[in-house]
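Asker: In full-length UniProt numbering, the protein residues as written are 1 to 423.
Have a look at the structure that comes next, please.
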C-alpha cells in the first residue's frame, strides 16, 4: 500500500436473484476466465458464485436489505477477485476497519489482472480509505467511473450518499441526469434520481421520479422515502401517512436504517398533522423501538431516528408524555462505543444526555467533538465549526438554558446550512 495515500427487497439471498435478470447477463459472451456482473461489465473471475454474491450484494445495498454481508462470500469463492475484495472492504469500513484493510490489500495485490471496470471501481473506493480524504476528490473519482460505466448503480449509490453528507445535491443531480438515459426503467434508479430533485426544491419533478420508481418496483423503500419527503414538504401529511402505511409491509426485509427512518417519517407526519399523540407513541414503541428486538438490528440507526423524533417533540412542547422513553434511550447512549461515528447522532445525543441530567457525559461528548475538529485539515475544520456551535447550542438547550442556546445559534440560524455533518 502506498504511504502517500491508497493506490490511486429481499427475505433471503435467493429472493435477491429475482431482480438479477439472469437471462440478460447470460446473453453476454463470456471470455475465458471472466464473467459479467448485473450491470453488464466484465470482471476477471471464473466463479459464477463469486459473481452471484456481488450481484446479490448490489441489490441488497440498493434495496436497503438486511443481508449485505453476502458480499463476504465473494472472496471465499474467488480470493483473487479484485471487485469482490474491494466491495467487501467497503462493506466493512464502519464495522471492522482492520478486516476491511485486509480485503483492500487483497484487491490491490491482484490489480494487474483486473479488468478496466474493476480498476475504476478500485480506484474510486480505495480513495475512501485515505486518512485525509477530500470529498471533492472522492466525488471526482466516482464521476469519472460513472462516465465510463454509467450502468453501475452501486457506484451511483455511493455518489448519492457522498453528496448527501456533503450537503451538495446540486453536484449529484447533473451527474445523475447525464447517466439516466443509460438506465431508464431500471429498479432503484428513479428513487435515487428523485432525492436530489427533492433536496433542491424541484418537488414536482421529484414526485414524478419517485412515483415512477414505485411503479417499477412497489417494494423500493427509497422511492417510498423520497415520495414521503415530497408530500411532507408540501404538508400533505394525511396523503403521506396513507401511502407509507400502505407500503410498510415491505419494509420488514429492510435494514434498521431504512426501516426505522421510514417509520420516523410516518410518526412525524402524524405529529405535524395534529393527530393524537398516541399515534406517535404507537409508532415509536411498536415500530421504531421494536426494531431493536431483531437479532441483526443496528442499534445506532434506530437510536438516531428515536433521537430525531424526541427532539422534534421537545421543540413542539410535547415531550412530557415521552420522558420515560427518553430516559431509557439516554441510558443506552452513555455507551461511548457508539460515539464519534456520525455528527448528527452525536449532536442529538448531547441534547438527550443533557435533557435527562447526564450533563457530565454530554460535556465529555461535546469536548470530544471539539478535539476531533481540531485535528481536521484547515478547510474541513472551518466548515465543521458550525457543527461545534450547534452542538454547544443543543447542550445548553437540553439543560434548559434557552437564552444561551439562541445566542449561540444567532438570529439567522437556518437548519439547511447544517446538512454537512460528517466526520
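We put the CB at the ideal spot given by N, CA and C, even for glycine.
Taking three-plus beta-carbon pairs below 8 Å as touching, is the region 144 to 160 in contact with the region 70 to 83?
Answerer: Output reads no: the region 70 to 83 does not touch the region 144 to 160.
Asker: Output needed for residue 319: all residues of its chain with C-beta closer than 6 Å, excluding positions within five of it in sequence on either side, in chain order.
Answerer: Position 319 of the chain shown, counted from the start, is the residue given in the question as residue 319. 313, listed in sequence order.
Asker: Can you round the beta-carbon distance between residue 115 and residue 61 to whole angstroms, since I take them to be within the 8 Å contact cut?
Answerer: By 1-based counting over the chain shown, the position of residue 115 is 115. By 1-based counting over the chain shown, the position of residue 61 is 61. Rounded, the Cβ-Cβ distance is 21 Å, inconsistent with contact.
Asker: Take residue 351 as the anchor and find which of 372, 327, 337 and 52 has the nearest alpha-carbon.
Answerer: Position 351 of the chain shown, counted from the start, is the residue given in the question as residue 351. Checking every option, the nearest Cα to that of residue 351 belongs to 327.
Asker: Starting from residue 84, trace the alpha helix (DSSP H) in both directions and tell me its first and last residue.
Answerer: The residue you call residue 84 lines up with position 84 of the chain shown. Where residue 84 is concerned, the enclosing alpha helix (DSSP H) stretches over 82 to 91.
Asker: Have a look at residue 233 and residue 267 and give me their C-alpha separation to the nearest angstrom.
Answerer: On the chain shown, residue 233 is found 233 positions in, with the first residue counted as 1. On the chain shown, residue 267 is found 267 positions in, with the first residue counted as 1. Each residue's alpha carbon lies about 14 Å from the other.
Asker: Enumerate in chain order the residues of its own chain whose CB-to-CB distance from residue 100 is below 6 Å, with the five nearest sequence positions on each side excluded.
Answerer: Counted from its first residue, the chain shown places residue 100 at position 100. Within the same chain, residue 100 has close Cβ partners 89, 92 and 93.
Asker: Mark residue 201 as exposed unless 16 or more other C-beta atoms lie within 10 angstroms of its C-beta, in which case mark it buried.
Answerer: Your numbering for residue 201 matches position 201 in the chain shown. Exposed, since its Cβ has fewer than 16 Cβ neighbours within 10 Å.
Asker: Could you give the DSSP three-state label for residue 254: helix, strand or coil?
Answerer: In the chain shown, counting from the first residue as 1, residue 254 sits at position 254. In this structure, residue 254 counts as strand in the three-state DSSP scheme.
Asker: Let me know the secondary structure DSSP gives residue 201 once reduced to three states.
Answerer: The sequence position of residue 201 within the chain shown is 201, counting from 1. Residue 201 falls in the coil class under three-state DSSP.
Asker: Please state whether the Cβ-Cβ distance between residue 225 and residue 262 is less than 8 Å.
Answerer: Within the chain shown, residue 225 is the residue found at index 225, counting from 1. Within the chain shown, residue 262 is the residue found at index 262, counting from 1. Yes, the pair counts as a contact, with Cβ atoms nearer than the cut-off.
Asker: Would you call residue 294 buried or exposed, if buried means 16 or more other Cβ atoms sit within 10 Å of its Cβ?
Answerer: Taking the first residue of the chain shown as 1, we reach residue 294 at position 294. By the neighbour-count rule (16 or more Cβ atoms within 10 Å), residue 294 is not buried but exposed.
Asker: Exposed or buried, what is residue 378 when buried is set at 16 or more other beta-carbons lying within 10 Å of its beta-carbon?
Answerer: Here residue 378 refers to the residue found at position 378 of the chain shown. Exposed: under 16 other Cβ atoms inside 10 Å.
Asker: Output yes or no for whether 8 Å exceeds the beta carbon distance between residue 362 and residue 308.
Answerer: Locating residue 362 in the chain shown gives position 362, counting from the first residue. Locating residue 308 in the chain shown gives position 308, counting from the first residue. Cβ atoms of residue 362 and residue 308: not closer than 8 Å.
Asker: So if DSSP puts residue 42 in a beta bridge, which residue, or which two residues, is it bridged to?
Answerer: Residue mapping note: residue 42 aligns to position 42 of the chain shown, counting from 1. Per DSSP, 36.
Asker: How long is the line joining the alpha carbons of residue 145 and residue 121, rounded to whole angstroms?
Answerer: Sequence index remark: in the chain shown, residue 145 carries index 145 (1-based). Sequence index remark: in the chain shown, residue 121 carries index 121 (1-based). Roughly 7 Å between the two C-alpha positions.
Asker: Within this structure, are the beta carbons of residue 57 and residue 68 separated by less than 8 Å?
Answerer: Indexing the chain shown from 1 puts residue 57 at position 57. Indexing the chain shown from 1 puts residue 68 at position 68. Yes. Within cutoff.
Asker: Taking DSSP as the reference, what is the three-state secondary structure of residue 398?
Answerer: Along the chain shown, one-based indexing puts residue 398 at 398. Residue 398: helix per DSSP, three-state reduction.
Asker: Using the three-state DSSP reduction, which class does residue 410 fall into: helix, strand or coil?
Answerer: Here residue 410 refers to the residue found at position 410 of the chain shown. DSSP places residue 410 in coil when its eight states are reduced to three.
Asker: Give the secondary structure of residue 368 by DSSP, where H, G and I count as helix, E and B as strand, and everything else as coil.
Answerer: Residue numbering aside, residue 368 sits at position 368 when the chain shown is read from its first letter. Correct three-state label for residue 368: helix.
Asker: Residue 252: which of 288, 329 and 105 sits nearest, CA to CA?
Answerer: The residue you call residue 252 lines up with position 252 of the chain shown. For the residues 288, 329 and 105, the minimum Cα distance to residue 252 belongs to 288.
Asker: Would DSSP call residue 308 helix, strand or coil?
Answerer: Taking the first residue of the chain shown as 1, we reach residue 308 at position 308. In this structure, residue 308 counts as helix in the three-state DSSP scheme.
Asker: Hey, could you find the ends of the alpha helix (DSSP H) residue 69 is sitting in?
Answerer: Here residue 69 is taken as the residue at index 69 of the chain shown, counted from 1. Unbroken run through residue 69: none, as it is neither H nor E.
Asker: Alpha carbon to alpha carbon, how far is residue 136 from residue 160? Give it in angstroms, no decimals.
Answerer: Your numbering for residue 160 matches position 160 in the chain shown. Your numbering for residue 136 matches position 136 in the chain shown. When rounded, the distance between both Cα atoms is 13 Å.
Asker: Applying the 10 Å Cβ sphere with the 16-neighbour rule, what's the burial state of residue 133?
Answerer: Your numbering for residue 133 matches position 133 in the chain shown. With fewer than 16 Cβ atoms within 10 Å of its Cβ, residue 133 is classed as exposed.
Asker: For the pair the region 183 to 197 and the region 208 to 225, tell me if three or more CB-CB distances fall below 8 Å.
Answerer: Yes, the region 183 to 197 is in contact with the region 208 to 225.
Asker: For the region 287 to 364, list the beta strand (DSSP E) runs that are entirely contained and at least 3 residues long, ordered along the chain.
Answerer: Qualifying beta strand (DSSP E) stretches: none in this window.
Asker: Shortest alpha-carbon distance to residue 365 belongs to which of 111, 376 and 348?
Answerer: For this step, residue 365 is matched to residue 365 along the chain shown. Nearest option by C-alpha distance: 348.
Asker: Would residue 189 count as contacting chain B if we go by Cβ distances under 8 Å?
Answerer: Going by chain labels, chain B is absent from the structure shown, which holds only one protein chain.
Asker: For residue 407, tell me which candidate among 97, 394, 417 and 418 has the shortest Cα-Cα distance.
Answerer: The residue labelled residue 407 in the question sits at position 407 within the chain shown. For the residues 97, 394, 417 and 418, the minimum Cα distance to residue 407 belongs to 394.
Asker: May I ask which residues mark the beginning and end of the alpha helix (DSSP H) holding residue 59?
Answerer: Walking along the chain shown from the start, residue 59 turns up at place 59. Counting along the chain, the alpha helix (DSSP H) containing residue 59 begins and ends at 48 to 62.
Asker: Among 41, 37 and 109, whose alpha-carbon lies nearest the alpha-carbon of residue 74?
Answerer: As a working mapping, residue 74 is identified with position 74 in the chain shown. Looking at the Cα atoms, 37 is the closest of the given residues.
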